[in-house]
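First up is the structure itself, then whatever we jot down about it.
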Amino acid sequence: MIIWLNGAFGVGKTTTARHLTTLLPDSRLLDTEQVGYMLRHVLGRPARDFQEFPPWRGLVVETARQVLDHVGGTLVVPQTVLEKPYWREIRTGLVQAGIPLRHFVLHADHNTLVERIQNDTDPESIGARGRRLDHLHDYDEALLWLRGEAELIDTTGIPPAAVAKLVMTTVRHQGASTMRENVHPGFLGSSPRSARNPR
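Numbering (our numbering), first residue to last: 648 to 846.
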């Protein structure tokens, strides 16, 4: 299974994902940005974001499939995807691969997001501070379609550890994908799961 944590840059996806992997047995964090960094070495810098590269979307799906076939369990993916066609492509690929998917959006109000971005002292986060602030408008616009594609969790005033527990409780209570009704029925079950390593 894949638990995808979406949301604005700086909302706390990666921190929440790390907490979640300590709560869920047999779970691992899959950083799909590493796929994008690899593609930059091959294809050069994109105009705006490595998600523009079609190979990124395909490789994210294939990487997840290969890892789950190898080790099974659950992959937690903290990755912002604000372009609806990109998300639909990834989601369709995962469903066609027979991978159960739970898609969450970690939400916070605008002022909280700005505060979290400005107070993040991680060296890598400090370097990306300007870009994260610039993307807040993109997130506001994407929220219109994300509400129909994911389960929204308002993290305003809630620490990442508590958010992780909420995600875990929701997943355990409701099970695998609740978004499958939004996928064309022909996509479901098109690829059998690995009997060797159940996902």
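No residue lacks a Cβ here, since even glycine has one placed at the ideal position from N, Cα and C.
Completely contained alpha helix (DSSP H) runs for the region 672-730, where each covers 4 or more residues: The region 672-730 contains these whole alpha helix (DSSP H) runs: 680-690, 701-718.
Nearest to T759 (by Cα), restricted to the options V682, P806, T663: If we check each option's Cα against that of T759, P806 comes out closest.
Beta bridge counterpart(s) of I752 as assigned by DSSP: Note that residue 752 is Val in the sequence shown, not Ile. Partner residues in the beta bridge of V752, as assigned by DSSP, are N653, L799.
Sequence-distant residues of the same chain with beta carbon closer than 8 Å to V714, five excluded per side: So the list reads R675, L677, L722, once near-sequence residues are dropped.
Local Cβ density within 10 Å of G654, reported as buried at 16 or more and exposed below that: By the neighbour-count definition (other C-beta atoms within 10 Å, threshold 16), G654 is a buried residue.
A664 (DSSP reduced to helix, strand or coil): Three-state DSSP puts A664 in a helix.
Identity of the residue in T816, L813, H784 nearest L729 by Cα: Of the listed residues, the one whose Cα sits closest to L729 is H784.
C-alpha distance - T710 paired with L686, whole-angstrom precision: Distance between the alpha carbons of T710 and L686 is about 13 Å.
Distance, T802 Cα to I649 Cα: In a straight line, the C-alpha of I649 is about 21 Å away from that of T802.
Whether A809 touches P725 by CB criterion (8 Å): Inclusion of A809 and P725 in the CB contact set at 8 Å is not warranted, their separation being larger than that value.
Whether H750 touches A797 by CB criterion (8 Å): Cβ distance < 8 Å, so H750 and A797 count as in contact.
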